[in-house]
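Structure first, then comments.
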Amino acid sequence: MHLALQIVLVVFSLLMGLFVLLHKGKGGGLSSLFGGGMQSNLSGSTVAEKNLDRITIVCAIIWLAAVIGLNLLQAYG
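Going by my numbering, the first residue of the sequence shown is number 246, and it counts up by one from there.
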């Protein structure tokens, strides 16, 4: 169980880093990568950005659960 939580923690740490880097900054992010840079600035947030937000939040929740689980295993295991 301990090893599985460590693997989950490492995998989701890497995924969260990747997803955070894909978010739109001052430049354009994921939406401008596919040619929608100017249009996305006028229309607000695109479907790709909303889905990226959701995926990032789910990854963060799983990452946090893995951290809490590892701490509980270390304290009581």
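Cβ atoms here follow ideal geometry from the backbone N, Cα and C, with glycine treated the same way.
Remember, it's a predicted structure, so these values are computed and weren't measured experimentally.
Would the beta-carbon of residue i be found less than 6 Å away from any heavy atom of the ligand ATP?
i: LEU248; result: Among the components of this structure there are no ligands whatsoever, and the ligand ATP is therefore not found.
Expressed to the nearest angstrom, what Euclidean distance is found between the alpha-carbon atoms of residue i and residue j?
i: VAL312; j: LEU318; result: 10 Å
i: ILE300; j: GLY322; result: 31 Å
i: VAL292; j: ALA310; result: 27 Å
i: ILE252; j: GLU294; result: 28 Å
i: LEU297; j: ALA320; result: 34 Å
i: MET290; j: VAL265; result: Per the sequence shown, residue 290 should be read as Ser rather than Met. The alpha-carbon atoms of SER290 and VAL265 are separated by roughly 16 Å.
Which residues mark the beginning and the end of the alpha helix (DSSP H) in which residue i is found?
i: MET261; result: 247-267
i: GLY314; result: 292-321
Who are the near neighbours of residue i in its chain, counting only those whose CB is closer than 6 Å to its CB and skipping five residues on each side?
i: GLY270; result: none
Within a Cβ cutoff of 8 Å, which residues of the same chain sit near residue i, ignoring the five residues on either side of it in sequence?
i: LEU315; result: HIS247, LEU250, GLN251, LEU254
Self-check item: the stretch 251-260 contacting the stretch 299-308, beta-carbon criterion three pairs below 8 Å
Solution: yes
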